[in-house]
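Everything on this sheet refers to the single structure shown next.
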Amino acid sequence: TRNVCSGEILQTLRYKKSLHNREDYLKTLELKTAELFALSCELGGMIGGLNRRSQLQLKQFGVSMGIAYQIYDDCLDIFGDEAQVGKSLGTDLATGKMTLPALIMLEQIPESEKNEIISKLFQWNGGQMNWLKDLLKQAQSLEGCVDVMQGYVDKSNTALIDLEQDGHGIALKKVISYLSQQISLLTY
Numbered sequence: 520t521r522n523v524c525s526g527e528i529l530q531t532l533r534y535k536k537s538l539h540n541r542e543d544y545l546k547t548l549e550l551k552t553a554e555l556f557a558l559s560c561e562l563g564g565m566i567g568g569l570n571r572r573s574q575l576q577l578k579q580f581g582v583s584m585g586i587a588y589q590i591y592d593d594c595l596d597i598f599g600d601e602a603q604v605g606k607s608l609g610t611d612l613a614t615g616k617m618t619l620p621a622l623i624m625l626e627q628i629p630e631s632e633k634n635e636i637i638s639k640l641f642q643w644n645g646g647q648m649n650w651l652k653d654l655l656k657q658a659q660s661l662e663g664c665v666d667v668m669q670g671y672v673d674k675s676n677t678a679l680i681d682l683e684q685d686g687h688g689i690a691l692k693k694v695i696s697y698l699s700q701q702i703s704l705l706t707y
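The opening residue of the sequence shown carries number 520 in my numbering; numbering runs sequentially from there.
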């Protein structure tokens with residue numbers, strides 16, 4: 520609970536005040552979504568009577584899967600289809616949250632253009648989606664996000680290697696497979 524609250528406070532303190540970088544973004548994910556996934560997985564291992572080593576492997580799976588899932592969700596907010604996603608797109612930007620797609624784009628933008636782009640992002644009104652998608656495509660932001668997500672998916676798989684051998688990781692492998700499939704469907 521403490522970590523999740525810390526992550527929420529960290530995100531709130533950064534709200535439209537300073538532009539955080541990829542490292543800050545990932546730290547926030549670790550303290551929020553990943554912490555919830557990790558705790559859920561670890562507790563599942565405890566309730567299931569697994570040994571401490573297996574519980575910690577489940578926790579590591581949860582951390583990695585939580586980060587991969589949250590990045591996927593952040594990508595859906597920009598690259599998704601409103602009808603399929605079931606919500607308005609661009610809500611993270613509308614609330615002042617800088618997510619990985621925008622951060623990767625900003626890493627690629629020349630310094631001379633950054634302030635203008637940041638200003639537009641912080642004055643998000645939803646009508647700028649085509650402008651943003653053009654910038655994201657030029658910066659290959661989606662490809663960068665997919666690479667990062669795949670790294671966490673790989674870590675999730677690695678965390679389950681021992682659990683797979685005794686049959687405990689089979690259902691979680693299906694979760695990994697499903698998320699990987701969803702990631703592969705993301706497009707500009």
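Using N, Cα and C, we set each Cβ at its ideal position, and we do this for glycine too. Model, not experiment: these values are computed from the prediction.
Answer with buried or exposed for L640, where buried requires no fewer than 16 other C-beta atoms within 10 angstroms of its C-beta. When all chains shown are included, L640 counts as buried.
Using three-state DSSP, classify S573 as helix, strand or coil. Helix at S573.
Element boundaries [alpha helix (DSSP H), containing K616]: Secondary structure note for K616: it is in no alpha helix (DSSP H), with a DSSP letter that is neither H nor E.
Kindly indicate which three-state DSSP category T706 falls into: helix, strand or coil? Correct three-state label for T706: coil.
With distance defined between alpha-carbon atoms, name the residue in E683, L622 and Q700 nearest to Q576. The candidate whose alpha carbon is nearest that of Q576 is E683.
Among D600, D611, I636 and V694, which one has its Cα closest to the Cα of S675? Its Cα nearest to that of S675, the residue V694 stands out among D600, D611, I636 and V694.
In whole angstroms, give me the CA-to-CA distance for L612 and L622. If you take the alpha carbons of L612 and L622, they lie about 12 Å apart.
Rounded C-alpha distance that separates L655 from S703: In a straight line, the C-alpha of L655 is about 17 Å away from that of S703.
Check this for me: beta carbons of L550 and G581, under 9 Å apart or not? Contact: no.
Do you know whose CA, among M617, N570 and Q579, lies nearest D592's CA? Nearest to D592 by C-alpha distance, out of M617, N570 and Q579, is M617.
Could you give the distance in angstroms between the alpha-carbon of Q589 and the alpha-carbon of T547? Taking the straight line from one Cα to the other gives about 11 Å.
Using the Cα positions of Q603 and G568, report the straight-line distance between them to the nearest angstrom. Their backbone Cα atoms lie some 39 Å apart in a straight line.
I need the boundaries of the alpha helix (DSSP H) containing A553, first residue and last residue. Residue range T552 to I566 is occupied by the alpha helix (DSSP H) that includes A553.
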